[in-house]
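Here the working numbering is used: the first residue of the sequence shown is 2, the next is one more, and so on.
For glycine and all other residues, C-beta sits at the position ideal for the given N, C-alpha and C.
Only a predicted model underlies this, so the values are computations on that prediction, with no experimental measurement involved.
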Amino acid sequence: MTLEDYQILNRQAWQKFAEEYKEPAEKAWKSADANWGIWSIPERKLELLPNDLKGKKCIEIGCGAGYVSSWMARRGAEVVGIDPTPNQLETARRLEKQYQLGIEFVEGFGEKLPFPDSCFNFAISEYGASLWANPYKWIPEAARVLKSGSLM
Numbered sequence: 002m003t004l005e006d007y008q009i010l011n012r013q014a015w016q017k018f019a020e021e022y023k024e025p026a027e028k029a030w031k032s033a034d035a036n037w038g039i040w041s042i043p044e045r046k047l048e049l050l051p052n053d054l055k056g057k058k059c060i061e062i063g064c065g066a067g068y069v070s071s072w073m074a075r076r077g078a079e080v081v082g083i084d085p086t087p088n089q090l091e092t093a094r095r096l097e098k099q100y101q102l103g104i105e106f107v108e109g110f111g112e113k114l115p116f117p118d119s120c121f122n123f124a125i126s127e128y129g130a131s132l133w134a135n136p137y138k139w140i141p142e143a144a145r146v147l148k149s150g151s152l153m
C-alpha cells in the first residue's frame, strides 16, 4: 500500500503523542465499564456498544492503545484492533499481555483493512479512523469487512 501524505503525517504525530496516552489507556483498561471521551460519559448513558458480544467477531479501527477493544473483549467478543502507530500498539500489546483478554492487535490503516470481506459482526472507531482517516476510504472498508446486517 502506497501511503498518502496525511497517513504519513498521522503516523508521525501519533508516534510522538503515544507517550501522553499511556496513563489514560492504563486507567481505561483497568475498568470493565466503558467511559467515553474526555468527559468520561458512562456507556450506560450512551449505549454505543452492544450489550452481548459473546461469540461475535469485532474490529476497532484506529484502536490506539486498545481500551475500546478491551471493553468489547470483556463483553465476550473476539476482537481485532488495527492502528497505524507502532508506539500505540506497543502500549496495547503490553496491556493485552497484562489483562489477557485475547485481543489481536494489527498494524495498519483503516483505509485498507487486511481482512477478507464479511468477516466481522461489529466495527467501531471511537477516535482513530473517525477523525484521522479519509472517510471516503475507511467507511467503505469497514462496510466491506462487516457481515450483512452488522453494526458499525
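Listed in chain order, the beta strand (DSSP E) runs fully inside the region 95 to 141 are 105 to 108 and 121 to 125, counting runs of at least 3 residues.
Nearest in C-alpha terms to Leu147, of all of Asp118, Ala134, Ser126 and Trp133, is Asp118.
By the Cβ-count criterion, Ser41 is exposed, with fewer than 16 other Cβ atoms from all chains shown falling within 10 Å of its own Cβ. Selection Gly129, Val80 and Gly56 evaluated against Gln89 yields Gly129 as nearest (Cα-Cα). Look at the beta carbons and you see the region 30 to 41 touching the region 56 to 72: at least three pairs across the two are nearer than 8 Å. Within the same chain, Arg76 and Gly77 come within 8 Å of Asp53 by CB-CB distance, once the 5 residues on both sides are set aside. Counting the other CB atoms within 10 Å of its CB gives Ala144 a total below 16, which places it among the exposed residues. Selection Gln99, Glu97, Phe110 and Lys23 evaluated against Asn11 yields Phe110 as nearest (Cα-Cα). For Asp53, no alpha helix (DSSP H) encloses it, and the DSSP letter there is neither H nor E.
Here the C-alpha atom of Ala93 lies approximately 7 Å from the C-alpha atom of Phe106. Rounded to whole angstroms, the separation of the alpha carbons of Leu4 and Trp37 is 30 Å.
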